[in-house]
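Accompanying notes for the structure given below.
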Amino acid sequence: MYRANEQRYDKMIYNRVGDSGLKLSAIGMGLWNNFGSVDAYATQKAIIHQAFDLGITYFDLANNYGPEPGSAEENFGKMLATDLKPYRDELVIASKAGYVMWPGPYGNWGSRKSIIASADQSLRRTGLDYFDIFYSHRADPATNPEETALALDQLVREGKTLYVGLSNYSGAQIKVMSAIFREHHTPFIIDQPRYNLLNRDVEADVFPELVAEKKCAVSFSSLCQGLLTNKYLKGIPQDSRANKATIPFLHPAQVAQTLGTIKQLNAVAANRNQSLAQMALAWNLRQPAIASVLIGASRPEQVLANVAALDNVAFSEEELAQIEAILAAQPAIDWNAK
Ligand SMILES: NC(=O)c1ccc[n+]([C@@H]2O[C@H](COP(=O)([O-])OP(=O)(O)OC[C@H]3O[C@@H](n4cnc5c(N)ncnc54)[C@H](OP(=O)(O)O)[C@@H]3O)[C@@H](O)[C@H]2O)c1
């Protein structure tokens, strides 16, 4: 029987999400990959236990996480029913709808029909009475923003989620949605963009909008799927994401394109007495708009190492300038290359 570490709240940092009452652990645990039906359940449990034992309270799901799609919610639901049940009120559990989940015209995007049905499915798969945050996973160009916003609002009114969030929306789209949420007093508090040392588009577009709206971000792929770690410095390990057939999102081509930059960033991290992964997470947390940085992990030791990033989150002007110079020399990366 799992019993959580009694010291779990001693070291973790909790950041307030914009002007809401909610605080999130500065590091959040993502279940996009490594928590599916194709992954060892014992390892999944060990990762989640490690995360909660270190004070991570934010657990990030989506309808389609797996693979198979839906299986990450089922597996997390199993853990909730057994090990984590006594701790439900210590957890912030999020899910999302917006990417393809079931066949036909309703299993995708952001219509009221899709969002409500998907949230109901996610509640059934996890066995939860409610989510803490429910996100629109991406903006739907074919649906009026008001329809998506009011579908999320309905989830709040029906007690199916406490707060709502957006993910992969542009700054302009966030502005439009914010205005609708404000009008309806919908508790929209958070945006979830991709953000890391190698993906900085949201700095100019999304972050200023969030700050102006007194909202926050939780960054995803904060380690660029593992590129921003020491994992690929000496080649592509067999058991790494870039080599896994079950995870088709990171390829050897991206390792090759970034290796020179990664080596230089690794040297800066070493001078700070940090691993590259720890420096990458600390670098994300320097952004005033960011309340939490999501991490993925394939083993519990990675969670332990990553949470230690919080031991040094300060950067000198010189370190920041060094990092900028290294990033400026990185040629454009083809993220679709295989
Ligand atoms: N909203 C969205 O559209 C969206 C999109 C993507 C992700 N997300 C969310 O963000 C979460 C994190 O995304 P991500 O999985 O791309 O995260 P990430 O943290 O950028 O990458 C995770 C991978 O990095 C490697 N890693 C982590 N810590 C390490 C360490 N200390 N040393 C060496 N390698 C390490 C592991 O790779 P190996 O498997 O190779 O060991 C791990 O699977 C997801 O789970 C999900 O919740 C959201």
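By the working numbering, the letter at position 77 of the sequence shown is numbered 79, and the numbering carries on one by one without gaps.
Beta carbons: idealized from backbone N, C-alpha and C, even for Gly.
* Asked: Which residues in the same chain have their Cβ closer than 8 angstroms to the Cβ of Ala339, if we skip the five residues on either side of it in sequence?
  -> Within the sequence shown, numbered from 1, the residue matching residue 339 stands at position 337. In its chain, beyond the 5 residues on either side, His253, Ala255, Gln256 and Gln259 have a beta carbon closer than 8 angstroms to the beta carbon of Ala339.
* Of all the options Pro88, Tyr89, Ala141 and Gln156, which has the alpha carbon lying nearest to the alpha carbon of Ala119? -> For this step, residue 119 is matched to residue 117 along the sequence shown. If we check each option's Cα against that of Ala119, Gln156 comes out closest.
* To do: Answer yes or no: the CB of Ile297 versus the heavy atoms of ligand 1, is any distance below 7 angstroms?
  => Within the sequence shown, the letter at position 295 stands for residue 297. Checking every heavy atom of ligand 1 against the Cβ of Ile297, one is found closer than 7 angstroms.
* **Cα-Cα separation between Pro333 and Arg90, rounded to whole angstroms** => Locating residue 333 in the sequence shown gives position 331, where the first residue counts as 1. Locating residue 90 in the sequence shown gives position 88, where the first residue counts as 1. Approximately 46 angstroms, taken between the alpha carbons.
* Mind the definition here: the region 236 to 252 touches the region 192 to 207 only if three or more C-beta pairs lie below 8 angstroms; say whether that holds. => Contact between the region 236 to 252 and the region 192 to 207 is absent: fewer than 3 CB-CB pairs across the two stretches fall below 8 angstroms.
* Secondary structure at Leu125, three-state DSSP: helix, strand or coil? -> For the purposes of this step, residue 125 is taken as residue 123 along the sequence shown, with counting starting at 1. Note: Leu125 maps to helix in three-state DSSP.
* To do: Given a cut-off of 8 angstroms, decide if Leu26 and Tyr11 are closer than it, judged by their beta-carbon atoms.
  => Along the sequence shown, read from residue 1 onward, the residue named residue 11 stands at position 9. Along the sequence shown, read from residue 1 onward, the residue named residue 26 stands at position 24. At the C-beta level, Tyr11 and Leu26 stay beyond 8 angstroms of one another.
* Val204 at chain B interface by Cβ criterion, 8 angstroms -> The question asks about chain B, but that chain is absent: this structure has only one protein chain.
* **Straight-line gap, Gln227 to Gly298 (C-alpha atoms, nearest Å)** => By 1-based counting over the sequence shown, the position of residue 227 is 225. By 1-based counting over the sequence shown, the position of residue 298 is 296. Each residue's alpha carbon lies about 8 angstroms from the other.
* What do you get for Lys217, buried or exposed, if any count of 16 or more other CB atoms within 10 angstroms of its CB means buried? -> For the purposes of this step, residue 217 is identified with residue 215 of the sequence shown, where counting begins at 1. Lys217 counts as buried, since at least 16 other C-beta atoms from the protein chains shown sit within 10 angstroms of its C-beta.
* To do: Go ahead and label Arg127 buried or exposed: buried means 16 or more other beta carbons lie within 10 angstroms of its beta carbon, across all protein chains shown.
  => Taking the sequence shown and counting its residues from 1, one reaches residue 127 at position 125. Under this definition Arg127 is a buried residue.
* Leu93 versus Phe61: straight-line alpha-carbon distance, rounded -> Mapped onto the sequence shown, residue 93 falls at position 91. Mapped onto the sequence shown, residue 61 falls at position 59. Approximately 7 angstroms between the Cα atoms of the pair.
* For His186, which residues from the same chain have a beta carbon less than 6 angstroms from its beta carbon, with the 5 sequence-adjacent residues on both sides left out? -> Taking the sequence shown and counting its residues from 1, one reaches residue 186 at position 184. Closer than 6 angstroms at Cβ, skipping near neighbours: Asp155.
* **Whether Phe37 touches Ile95 by CB criterion (8 angstroms)** => Counting from one through the sequence shown, the residue named residue 37 turns up at place 35. Counting from one through the sequence shown, the residue named residue 95 turns up at place 93. Cβ distance not < 8 angstroms, so Phe37 and Ile95 don't count as in contact.
* Asked: Taking the continuous beta strand (DSSP E) assigned at Asp193, which residues delimit it?
  -> Sequence index remark: in the sequence shown, residue 193 carries index 191 (1-based). Note, Asp193: beta strand (DSSP E), Phe190 to Gln194.
* So Gly100 and His139 are in contact, right, with Cβ under 8 angstroms, and what is the actual spacing, rounded? -> Within the sequence shown, the letter at position 98 stands for residue 100. Within the sequence shown, the letter at position 137 stands for residue 139. Contact between Gly100 and His139 is confirmed by a C-beta separation of about 3 angstroms, below the 8 angstroms threshold.
* Asked: Pick from Gly167, Lys177 and Leu212: whose alpha carbon is nearest that of Phe190?
  -> Position 188 of the sequence shown holds residue 190. For the set Gly167, Lys177 and Leu212, the Cα lying nearest the Cα of Phe190 is the one of Gly167.
* Under a three-way DSSP split, which group does Arg5 fall into? -> As a position in the sequence shown, residue 5 is number 3, starting the count at 1. In the structure shown, Arg5 sits in coil (DSSP, three-state: anything other than H, G, I, E or B).
* What separation, rounded to the nearest whole angstrom, lies between the Cα atoms of Leu261 and Arg243? -> Here the question's residue 261 lines up with position 259 in the sequence shown. Here the question's residue 243 lines up with position 241 in the sequence shown. For Leu261 and Arg243, the distance between alpha carbons rounds to 16 angstroms.
* What residues are listed by DSSP as bridge partners for Lys405? -> The structure shown does not extend to residue 405, since the chain is modelled only from 3 through 340, so no value can be given for it.
* To do: Report whether the distance from the Cβ of Leu267 to the nearest heavy atom of ligand 1 is below 7 angstroms.
  => Counting from one through the sequence shown, the residue named residue 267 turns up at place 265. No, Cβ of Leu267 sits at least 7 angstroms from all heavy atoms of ligand 1.
* To do: With hydrogens ignored, establish whether the beta-carbon of Thr128 is closer than 7 angstroms to any heavy atom of ligand 1.
  => The residue labelled residue 128 in the question sits at position 126 within the sequence shown. Relative to ligand 1, the beta carbon of Thr128 is positioned no closer than 7 angstroms to any heavy atom.
* Going by the C-beta, is Gln276 closer than 7 angstroms to any heavy atom of ligand 1? -> For the purposes of this step, residue 276 is identified with residue 274 of the sequence shown, where counting begins at 1. No, Cβ of Gln276 sits at least 7 angstroms from all heavy atoms of ligand 1.
* Any chance the region 279 to 292 sits against the region 300 to 320, with 3 or more Cβ pairs inside 8 angstroms? -> When Cβ pairs closer than 8 angstroms are counted between the two stretches, the region 279 to 292 is seen to touch the region 300 to 320, the count reaching three or more.
* **Cβ shell of Thr145 (< 6 angstroms), same chain only, five flanking positions each side left out** => For the purposes of this step, residue 145 is identified with residue 143 of the sequence shown, where counting begins at 1. Here Thr145 has Gly112 and Ser113 as same chain residues with Cβ atoms under 6 angstroms from its own Cβ, once five neighbours each way along the sequence are excluded.
* Asked: By Cβ distance, which residues of its chain are closer than 8 angstroms to Leu63, with the 5 residues on each side in sequence left out?
  -> Residue numbering aside, residue 63 sits at position 61 when the sequence shown is read from its first letter. Only Leu33, Ala74, Glu75, Phe78, Ile95, Ala96, Ser97, Lys98, Ser124 and Thr128 meet the Cβ criterion.
* To do: Classify Ile292 as helix, strand or coil using the three-state DSSP reduction.
  => The count along the sequence shown starts at 1 and reaches residue 292 at position 290. Correct three-state label for Ile292: strand.
* Asked: Across which residues does DSSP place Asn201 in a beta bridge pair?
  -> Translated into positions along the sequence shown, residue 201 becomes position 199. Paired residues: Asn198.
* For Val178, name the three-state secondary structure that DSSP assigns. => Sequence index remark: in the sequence shown, residue 178 carries index 176 (1-based). Note: Val178 maps to helix in three-state DSSP.
* Asked: Which value, in whole angstroms, describes the spacing of the CA atoms of Ala214 and Ala44?
  -> Taking the sequence shown and counting its residues from 1, one reaches residue 214 at position 212. Taking the sequence shown and counting its residues from 1, one reaches residue 44 at position 42. Between the C-alpha atoms of Ala214 and Ala44 there is a straight-line separation of about 43 angstroms.
* For Gly161: DSSP bridge partner residues -> Numbered from its first residue, the sequence shown carries residue 161 at position 159. For Gly161, which the question treats as bridged, DSSP gives no partner whatsoever.
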